[in-house]
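Just so you know, we're using this note's numbering here: the sequence shown kicks off at 1 and counts up by one. Glycine included, C-beta positions come from ideal geometry on N, C-alpha and C.
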Amino acid sequence: CEEPIGFADNYCKTVLEFGHPVYVHNPHLDALKDDILYHFSLGTGSHNLPAMFGDVKFVCVGGSPWRMKSFTEFIAAELAMEDPKSGYPNICAGTDRYAMYKVGPVLSVSHGMGIPSIAIMLHELIKLLHHAHCTDVTIIRIGTSGGIGLEPGTVVVTKQSVDATFLPKFEQVILGKTVVRSTDLDQSLAQELLQCSKGLNQFETVIGNTMCTLDFYEGQARLDGAFCSYTEAEKQEYLLKAKEAGVCNIEMESSVFAAMCKLSGLQAAVVCVTLLDRLKGDQLSSSHEVLNNYQLRPQILVGSYIKKQLKAKAGNR
Numbered sequence: 001c002e003e004p005i006g007f008a009d010n011y012c013k014t015v016l017e018f019g020h021p022v023y024v025h026n027p028h029l030d031a032l033k034d035d036i037l038y039h040f041s042l043g044t045g046s047h048n049l050p051a052m053f054g055d056v057k058f059v060c061v062g063g064s065p066w067r068m069k070s071f072t073e074f075i076a077a078e079l080a081m082e083d084p085k086s087g088y089p090n091i092c093a094g095t096d097r098y099a100m101y102k103v104g105p106v107l108s109v110s111h112g113m114g115i116p117s118i119a120i121m122l123h124e125l126i127k128l129l130h131h132a133h134c135t136d137v138t139i140i141r142i143g144t145s146g147g148i149g150l151e152p153g154t155v156v157v158t159k160q161s162v163d164a165t166f167l168p169k170f171e172q173v174i175l176g177k178t179v180v181r182s183t184d185l186d187q188s189l190a191q192e193l194l195q196c197s198k199g200l201n202q203f204e205t206v207i208g209n210t211m212c213t214l215d216f217y218e219g220q221a222r223l224d225g226a227f228c229s230y231t232e233a234e235k236q237e238y239l240l241k242a243k244e245a246g247v248c249n250i251e252m253e254s255s256v257f258a259a260m261c262k263l264s265g266l267q268a269a270v271v272c273v274t275l276l277d278r279l280k281g282d283q284l285s286s287s288h289e290v291l292n293n294y295q296l297r298p299q300i301l302v303g304s305y306i307k308k309q310l311k312a313k314a315g316n317r
């Protein structure tokens with residue numbers, strides 16, 4: 001066991017006895033009488049977080065509240081844990097910012113669109129898991145993306161998140177200074193997900209880099225925004241450079257997701273389906289039915305992985 005920099009001396013002993021905890025790196029939290037998770041409408045004073053969430057082992061996050069409720073219903077049926085037709089209450093019903101659902105050891109949370117929205121959610125989610133004394137948690141972002149040179153419907157498991165200049169880093173300005181953080185993801189988890197997809201044999205799945213941008217239009221070299229200062233040829237040149245850099249798809253959350261999960265000791269992965277090939281166009285032309293089918297693919301893959309992991313743990317008891 002290699003002790004992470006900045007962690008307590010008894011880190012390895014803690015892992016061996018209790019499993020990998022979820023870490024927060026903020027000494028100011030110790031001074032709080034109650035920690036209010038405002039955007040979840042939860043808190044340490046108002047809720048018994050260990051009782052509510054202490055058994056969580058898997059967290060799946062995605063942009064849409066509807067999609068995350070759909071995933072909860074799907075995973076409930078897959079694990080045969082609860083009636084998939086029953087109504088699953090939104091744990092965060094006291095706010096309209098995010099939605100949260102739980103079935104057994106699986107927590108499903110929406111994160112909205114873009115880096116700022118998912119970052120706010122992750123701060124409170126990481127604190128929630130920490131306060132609940134969760135251990136050995138795996139977190140997976142499931143979502144949609146634009147592909148580069150891939151057939152629509154291909155699922156991409158992210159190897160590394162890169163920025164719009166194809167560098168594997170996340171930059172944030174803190175107290176007027178630029179802080180750069182790593183965007184490494186768990187490679188063993190990525191390979192396990194790839195193997196799960198091969199076992200399913202239902203759709204094409206690849207591992208590759210994911211480009212995370214700050215914008216859906218100009219930031220992703222689209223030609224159909226309200227503003228555009230570049231040509232079709234320049235767009236194609238940029239996307240081909242991205243492809244040469246190993247970029248398979250483009251979305252807007254993976255960099256901060258990877259950075260924050262790494263800081264908190266969470267085993268993390270990003271699984272996104274491609275809705276179109278950006279080398280061939282910018283707008284979605286597939287039917288609603290086809291797009292819905294595509295969006296189910298990350299759920300099917302991640303559901304298969306969770307089911308496999310739980311089965312393996314049950315067999316080791």
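Assign threonine 205 to one of three DSSP states: helix, strand, or coil.
Along the sequence shown, read from residue 1 onward, the residue named residue 205 stands at position 205. The answer is strand: DSSP assigns threonine 205 an E or B state.
Tell whether a beta-carbon distance below 7 angstroms holds between valine 22 and leucine 129.
For this step, residue 22 is matched to residue 22 along the sequence shown. For this step, residue 129 is matched to residue 129 along the sequence shown. In contact: valine 22 and leucine 129 (Cβ atoms closer than 7 angstroms).
Buried or exposed: where does proline 50 fall if 16 or more other Cβ atoms within 10 Å of its Cβ makes it buried?
Locating residue 50 in the sequence shown gives position 50, where the first residue counts as 1. It is exposed - the Cβ of proline 50 has fewer than 16 other Cβ atoms within 10 Å.
Skipping 5 residues on each side, what residues in its chain have a beta carbon closer than 7 angstroms to that of methionine 81?
As a position in the sequence shown, residue 81 is number 81, starting the count at 1. Correct list, in chain order: Val103, Gly104.
Own chain partners of lysine 243 with C-beta closer than 6 angstroms, once the 5 adjacent residues on each side are dropped:
Residue numbering aside, residue 243 sits at position 243 when the sequence shown is read from its first letter. Ile148, Gly149.
Measure the C-alpha to C-alpha separation of lysine 235 and glycine 43 and round it to an integer number of angstroms.
Position 235 of the sequence shown holds residue 235. Position 43 of the sequence shown holds residue 43. Their backbone Cα atoms lie some 46 angstroms apart in a straight line.
Report yes if the C-beta distance between serine 145 and glutamate 251 is below 7 angstroms; otherwise report no.
Residue mapping note: residue 145 aligns to position 145 of the sequence shown, counting from 1. Residue mapping note: residue 251 aligns to position 251 of the sequence shown, counting from 1. Yes; because the gap between Cβ atoms is below 7 angstroms, this pair is in contact.
Is any beta-carbon of chain C found at less than 7 angstroms from that of asparagine 201?
Considering every chain present, this structure includes no chain C. It has just one protein chain.
Per DSSP, threonine 144 forms a beta bridge with which residues?
Locating residue 144 in the sequence shown gives position 144, counting from the first residue. Answer by DSSP bridge pairing, in chain order: Val273.
To the nearest angstrom, report how far apart methionine 113 and phenylalanine 203 are at their CA atoms.
Reading the sequence shown from its first residue, position 113 is the one you call residue 113. Reading the sequence shown from its first residue, position 203 is the one you call residue 203. Straight-line measurement puts the Cα of phenylalanine 203 at about 26 angstroms from the Cα of methionine 113.
Rounded separation between serine 273 and arginine 297 - CA only
Position 273 of the sequence shown, counted from the start, is the residue given in the question as residue 273. Position 297 of the sequence shown, counted from the start, is the residue given in the question as residue 297. Here residue 273 is valine; the residue named in the question, serine, does not match the sequence. Those two C-alpha atoms are separated by around 7 angstroms.
Can you say whether glutamate 78 is buried or exposed, counting buried as having 16 or more other CB atoms within 10 angstroms of its CB?
By one-based count along the sequence shown, residue 78 stands at place 78. By the 10 Å Cβ count, glutamate 78 comes out buried.
Could you check whether the stretch 216-236 touches the stretch 92-99, counting it as contact only if at least three pairs of C-beta atoms, one from each stretch, sit closer than 8 angstroms?
With the cut-off at 8 angstroms, the stretch 216-236 and the stretch 92-99 do not touch.
Close beta carbons around leucine 194, own chain, < 7 angstroms, minus the five adjacent residues each side:
The residue given as residue 194 occupies position 194 in the sequence shown. Same-chain partners within the cutoff: Val157, Thr205, Ile207.
Within 10 angstroms of the Cβ of tyrosine 38, are there 16 or more other Cβ atoms? Answer buried if so, exposed if not.
Reading the sequence shown from its first residue, position 38 is the one you call residue 38. If you draw a 10 Å sphere on the C-beta of tyrosine 38, you find fewer than 16 other C-beta atoms in it, and that means exposed.
With burial defined as no fewer than 16 other Cβ atoms inside 10 Å of the residue's Cβ, what is the status of histidine 131: buried or exposed?
As a working mapping, residue 131 is identified with position 131 in the sequence shown. Taking a 10 Å sphere around the C-beta of histidine 131, we find 16 or more other C-beta atoms and assign the residue as buried.
Is leucine 275 closer than 7 angstroms to leucine 323 when the C-beta atoms are compared?
With the chain represented from 1 up to 317, any question about residue 323 goes unanswered, as that position is not in the structure.
Lysine 235 lies in the alpha helix (DSSP H); which residues open and close that run?
Walking along the sequence shown from the start, residue 235 turns up at place 235. Under the DSSP assignment, lysine 235 falls in the alpha helix (DSSP H) whose first and last residues are 232-244.
Can you list, in chain order, the residues of its chain whose CB lies under 7 angstroms from that of glycine 225, leaving out five sequence neighbours each side?
By one-based count along the sequence shown, residue 225 stands at place 225. Same-chain partners within the cutoff: Tyr217, Glu218.
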